[in-house]
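Chains as they are written, first to last, in our numbering: chain A, 1 to 196; chain B, 1 to 196.
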């Protein structure tokens, strides 16, 4: 039998974790963001392609650059969050393949020659890494507020070179539990799973 | 300070977890698959949309139906895995929104009327749930072998109705550590992250 994560750990990651909208004034340090990435990076990706990129907006100036792209309902919680991460995807991720997949030097060229496969790989795996990011933040004691309510094209024009595109945003900090909404129901196993 | 997952937990989830290709004969029970889903379901999705669907192939008959869709390099490890999960996406996920997002009954219709937004939401959030699935399996003591080397169209035709599409596959079981390849390097913080 493999070791399993403790019951307390499962509560932090899944059962008791909530999406937060209101933030306590406690800051998030750069060291915490580095420690967070040092967990995320280990999550599995196709051929170790690791296409996700992370931009951490910490200063009022950086937040102001994001503000015009946000849906109205996402402005206040994002402006007040200690950090807002932009989870993005590098569609030229394969340029790093010689480092990431050293035993098969042809891999970079395979992706470079097949732009449809590269695009699919980039977005699927960058999004999987987004999932790892949310759980790694929680594992590390941070609360998350992930959001897709924003104008991706505006964010891309403001923050990224042409080969990098925003995927979703995630506020990070220490949430105010007293401001949480009641938790929404989830689907039962038999509604979404099938055993064959 | 929020509680954080123990160092042992972080090793199980991230630091020491590996993608497995060779499986020990220990089976995975239906109870374990139900317990796995009961963690995955709590992961956050846009408007609690929960678009991922999970098909668990346990029997030789079910595996044989999958076999013709697999890339040659994925056949042996998949046929020998105790369970192969097909992580799929329901593009009509919004039909469940009255249950999932009960305080805003208009949400289902918003998605039904905007097929581009529904498609983007389905795929992004279904893939995030795929990330939660991999980490929840590890948290629960299972080893994973996620794969995208297969013919999605063949899998969809064989297993799913038109509104559900396969995303990726994930073998589940107890891996043979002695058969692992050396771990590939990861990108450093400064290669993929930026602090603003």
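Here a beta-carbon is modelled for each residue, glycine too, at the ideal position from N, C-alpha and C.
Query, Result
"Note down, in chain order, each residue of its chain lying with its Cβ closer than 6 Å to the Cβ of residue 83/A, except the 5 sequence neighbours on either side.", "28, 56, 58, 172"
"Does any C-beta atom of chain A lie closer than 8 Å to the C-beta of residue 24/B?", "no"
"Answer yes if the region 102 to 118 of chain B comes into contact with the region 16 to 33 of chain B, meaning at least three C-beta pairs across the two stretches below 8 Å, and no otherwise.", "no"
"Return the CA-CA distance between residue 184/A and residue 142/A, expressed in angstroms with no decimal places.", "21 Å"
"If you pair each beta-carbon of the region 66 to 85 of chain A with each one of the region 121 to 131 of chain A, do three or more pairs fall below 8 Å?", "no"
"Taking just the CA atoms, how far does residue 160/A sit from residue 154/A?", "10 Å"
"Closer than 9 Å, Cβ to any Cβ of chain A: which residues of the region 157 to 179 of chain B, in chain order?", "159, 167, 168, 174, 175"
"What are the boundary residues of the beta strand (DSSP E) that residue 160/B is part of?", "Neither: residue 160/B is in no beta strand (DSSP E) and is coded neither H nor E."
"According to the Cβ coordinates, are residue 36/B and residue 103/B closer than 8 Å?", "no"
"Would residue 124/B and residue 148/A qualify as a contact pair, given that the criterion is a beta-carbon distance under 8 Å?", "yes"
"Could you tell me which chain A residues have their CB closer than 9 Å to the CB of residue 128/B, listed as they occur along the chain?", "127, 128, 130, 131, 134, 146, 168"
"Assign residue 85/A to buried or exposed, taking buried as 16 or more other Cβ atoms, counted over all protein chains shown, within 10 Å of its Cβ.", "buried"
"With a cut-off of 8 Å, does the C-beta of residue 37/A fall near any C-beta of chain B?", "yes"
"Applying the criterion that 16 or more other CB atoms from any shown protein chain within 10 Å of the CB defines a buried residue, is residue 136/A buried or exposed?", "buried"
"Please report the distance separating the alpha-carbon of residue 175/B from that of residue 40/A.", "22 Å"
"Which same chain residues end up closer than 6 Å to residue 22/A when comparing Cβ atoms and leaving out the 5 residues on each side of it in sequence?", "176, 179"
"For chain A, find out if any of its Cβ atoms is closer than 8 Å to the Cβ of residue 78/B; answer yes or no.", "no"
"Going by CA-CA distance only, name the one from 80/B, 11/B, 71/B, 33/B that's closest to residue 25/B.", "80/B"
"To the nearest angstrom, report how far apart residue 117/B and residue 119/A are at their CA atoms.", "19 Å"
"How long is the line joining the alpha carbons of residue 197/B and residue 163/B, rounded to whole angstroms?", "Within the shown structure, residues of chain B are numbered from 1 to 196, placing residue 197/B beyond reach of any answer."
"Can you tell me which of 166/B, 71/B, 187/B, 150/B puts its alpha carbon nearest to the alpha carbon of residue 87/B?", "166/B"
"Please report the straight-line C-alpha distance between residue 64/A and residue 150/B, rounded to a whole angstrom.", "44 Å"
"On a Cα-Cα basis, can you pick out the residue from 157/B, 191/B, 47/B that is closest to residue 181/A?", "47/B"
"By the criterion of Cβ-Cβ separation under 8 Å, what are the contact partners of residue 62/A in chain B?", "196"
"On the DSSP bridge list, what partners appear for residue 84/B?", "57/B, 171/B"
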